[in-house]
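Asker: Can you read through this structure? Questions will come right after.
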Amino acid sequence: MDRTTGSQADQDRRLLAEIRAAGADLDKSVLAFRRHRLSSEAEIRVPECADLPRFVSCTDWDHRFPGTEREVKVRWVFDRRLWSVVVLHRREAGGVWSAAGPDELLDVTESLVFANADALFATEDWGCAEERSLPGWTAAIEASPRT
């Protein structure tokens, strides 16, 4: 058995254990599955990006969150080593930026990884930038994320 298959089997077993532990809590089961999908994708993509700058950032991105009628302006930083959005801000009424919550972070990560992955590679075509360190604007919001 090759290493990838063994690793995938281990991930699948952990996912099933997490779903069983969640029992009748469908939300927890769905969350476990969503995280599993991202973890599986990261296992493939992180090594592919080893020679690229660690971060991709975008300061002008439109995103529609589940249960909302229209798109919201967001700015984000995606970490190619973690294969996840690590900073996410939403533009609120009046143009004020606020830290996004964990559900929103997961939603934008999934959107980038599964629907807009080109933005993580053809960055200029998508109005994004490659960064070797976190951009300065990430420190602008010190408030705790939404819950």
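Numbering (this note's numbering), first residue to last: 144 to 290.
Just so it is clear, CB atoms sit at the ideal spot from N, CA and C, and this is done for glycine as well.
Bear in mind the structure is a predicted one, so any value in this text is a computation, not a measurement.
1. Which whole-angstrom value is the C-beta distance of W219 and L231, which I expect to be below 8 angstroms?
2. Taking just the CA atoms, how far does D222 sit from W269?
3. Run the proximity test for D246: is its beta-carbon closer than 7 angstroms to any non-hydrogen atom belonging to the ligand FMN?
4. What would DSSP say about R289, mapped onto helix, strand or coil?
5. Let's test the definition: count the other Cβ atoms within 10 Å of the Cβ of L248 and tell me whether it reaches 16, buried, or not, exposed.
6. Helix, strand or coil for V217? Go by DSSP, reduced to three states.
7. What's the C-alpha gap between A276 and P196?
8. Out of T252, F208 and W280, point me to the one whose CA is closest to A185's CA.
9. As a quick exercise: from A283, R157, S183 and E273, pick the residue whose alpha carbon is nearest that of S200.
10. Note down, in chain order, each residue of its chain lying with its Cβ closer than 8 angstroms to the Cβ of V215, except the 5 sequence neighbours on either side.
11. Assign F257 to one of two classes, buried (16 or more other C-beta atoms within 10 Å of its C-beta) or exposed (fewer than that).
12. Let me know if D261 comes out buried or exposed under the rule of 16 or more other beta-carbons within 10 Å of its beta-carbon.
Answerer: For this structure:
1. Contact flag correct, Cβ pair sits at about 5 angstroms.
2. Looking at the backbone, the Cα of W269 and that of D222 are separated by about 17 angstroms.
3. Among the ligands in the structure shown, none appear at all, so the ligand FMN cannot be discussed.
4. Model confidence at R289 stands at a pLDDT of 45, short of 50, so the residue's coordinates are unreliable and nothing is read from them.
5. Taking all protein chains in view, the Cβ of L248 is crowded by 16 or more other Cβ atoms within 10 Å, so the residue is classified as buried.
6. Three-state result, V217: strand.
7. Residue identity check: residue 276 is Ser in the sequence provided, not Ala. Spanning the two alpha carbons is a distance of roughly 8 angstroms.
8. For A185, the closest alpha carbon among the candidates T252, F208 and W280 is that of T252.
9. Here the closest residue by C-alpha is E273.
10. Hits under 8 angstroms: D205, H206, R207, F208, R233 and R234.
11. Answer is exposed; the Cβ neighbour count stays below 16.
12. The residue is exposed, with fewer than 16 neighbouring Cβ atoms inside 10 Å.
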